[in-house]
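Read through the structure below, which is laid out as structure tokens, and then see the notes.
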Amino acid sequence: MKSILFRFLSAALIGAAALTASPAQAAKVRVVTTLTDLADFARELGGDHVDVFSLATGVEDTHGVPMKPSFVPVMNRADLMVSVGFGCEHAFLPALLEASKNPRIQPGHPGYVDCSPGIAPLAVPTSTDHSEGDVHPYGNPHYMLDPVLAKTALRHIYEALVAFAPQYQADFTRNRDAYLAKLDAKIAQWQAEAKPLKGLQFIPYHEEWEYFAERFGMKVFGTIELKPGIDPTPRHIEQVITGMKAEHVSFVVREPQFPEKVPRLIAQKTGATLLKLPIMPGGVPHTDTYIEMMDFIIHTMVAAEAKRG
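To convert a position in the sequence shown, counted from 1, into the working numbering, add 1229.
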């Protein structure tokens, strides 16, 4: 299947070889990101000096963004390729990078920006056996849901922009400082608003909320998935329901990329509140930016807890 996909993507690149950037486009730093939160950061930092394209739209599984032939010519022309790292994009990014035929953005080259260095990963597995599901050998890659850790991604993107286009460093620095001031103020606000959530337990579909929970003093009560990437069995669902009742778990979180049926059933059986929460900007309406997404998550949880109350 991989060879078929590679030939398909390569054909898309060959078909697009005649495309050239206009002078206006060529003057900008062409940034491709895997996910929408990284795209938002690149736009905030780069301002008018960047042209940013995200492979994801916000509603996909971060580990399995569908590969489209149209991605290949965009990546072929990219100056920077920005990824979350920790193997988050392992299922789609390597094949796209290979098909892009763009030496600038290959791993190990300056145009490839891995945002994970400096992050202390949670849940580094002791075994990567396939029987344990879609295990991430480098640890949980969903650190972007902790806004404090997300500043590490901002730093890596800023440094890559400056290295590629040093003539715009003053603008990039001004944009960075302004955005960090805004983000730091929001972090203080979110931490104050989230005080009613401290100590509460919730269960998501997938292992995506550990960093968020640690930042805001919440507890993750397992996952609806049997194992990473493996759908729940009836026995597992029964065990989850029994455990949630015993522990008085407050919320069931359904991320947009997963079906609603099982999370809704679990919420109904346990009395927990079902919440649909995004894991990246664009996952639900009115969350086009990272700050809007985090606002939505915090406000939705706090409102739900107040209603339970």
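Where is the CB? At the ideal position from N, CA and C, for every residue including glycine.
Exposure of residue i, with buried meaning 16 or more beta-carbon neighbours within 10 Å
i, result
"P1346", "exposed"
"A1307", "buried"
"Q1486", "buried"
"L1248", "Residue placement at L1248 cannot be trusted, given a pLDDT of 42 that sits under 50; what the coordinates show is reported in the next sentence. By the 10 Å Cβ count, L1248 comes out exposed."
"T1355", "exposed"
"A1407", "exposed"
"D1375", "buried"
"P1539", "Residue 1539 falls outside the range modelled here, since the chain spans only 1230 to 1538, and no answer is possible."
"A1414", "exposed"
"Q1497", "exposed"
"P1488", "exposed"
"M1530", "buried"
"V1353", "exposed"
"A1256", "exposed"
"P1425", "exposed"
"A1399", "exposed"
Spatially closest choice to residue i from the options, by CA coordinates
i, options, result
"Q1430", "V1449, K1474, A1307 and V1258", "V1449"
"P1457", "T1291, P1332, L1284 and L1378", "T1291"
"G1451", "D1460, E1443 and E1436", "E1436"
"G1428", "F1321, D1277, D1400 and E1534", "E1534"
"C1344", "V1288, P1370 and P1323", "P1370"
"I1432", "D1460, F1445, E1422 and F1480", "F1480"
"Q1420", "L1455, I1459 and V1377", "V1377"
"F1315", "A1285, I1520, G1287 and Y1367", "Y1367"
"E1193", "Y1434, A1423, I1453 and I1459", "Here the chain comprises residues numbered 1230 to 1538, so residue 1193 is not present and cannot be evaluated."
"E1521", "A1328, P1507 and Y1434", "P1507"
"K1330", "E1467, K1297 and N1305", "N1305"
"L1412", "L1284, V1303 and T1518", "T1518"
"Y1434", "F1321, G1446, I1527 and K1505", "K1505"
"L1171", "E1484, M1447 and I1466", "One cannot answer for residue 1171 here, as it falls past the ends of the chain, which runs 1230 to 1538."
"A1501", "H1477, G1511, P1302 and T1516", "H1477"
"M1523", "I1459, R1405, H1365 and F1445", "F1445"
"I1453", "I1495, Q1418 and M1447", "I1495"
Helix, strand or coil at residue i [DSSP, three-state]
i, result
"S1329", "helix"
"K1505", "strand"
"K1456", "strand"
"Y1434", "coil"
"L1309", "strand"
"V1294", "coil"
"D1375", "coil"
"F1315", "coil"
"Y1367", "coil"
"T1355", "coil"
"T1471", "helix"
"K1427", "coil"
"V1279", "strand"
"D1266", "helix"
"D1517", "coil"
"K1257", "coil"
"V1288", "coil"
"P1321", "Reading off the sequence shown, one finds Phe at residue 1321, where the question assumed Pro. It is coil, neither helix nor strand."
Alpha carbon of residue i to alpha carbon of residue j, nearest angstrom
i, j, result
"F1300", "Y1440", "30 Å"
"C1317", "R1464", "29 Å"
"F1282", "L1351", "29 Å"
"L1409", "T1471", "43 Å"
"P1461", "H1319", "23 Å"
"G1276", "D1269", "10 Å"
"R1259", "V1311", "11 Å"
"Q1335", "V1261", "12 Å"
"A1328", "A1532", "46 Å"
"K1490", "H1338", "44 Å"
"G1340", "Q1396", "17 Å"
"L1383", "V1313", "11 Å"
"A1324", "M1296", "9 Å"
"M1373", "P1332", "27 Å"
"F1321", "P1298", "12 Å"
"L1503", "V1391", "43 Å"
"N1404", "Q1418", "21 Å"
"A1271", "W1438", "23 Å"
"V1469", "M1447", "18 Å"
"L1326", "P1302", "11 Å"
"T1402", "A1379", "17 Å"
Distance CB(residue i)-CB(residue j) smaller than 7 Å
i, j, result
"T1381", "I1348", "yes"
"L1274", "Y1387", "yes"
"T1499", "K1474", "yes"
"A1394", "V1342", "no"
"G1293", "M1509", "no"
"L1284", "T1265", "no"
CB contact check: residue i to chain D, cutoff 7 Å
i, result
"L1455", "The displayed structure is made up of one protein chain only, and chain D is not part of it."
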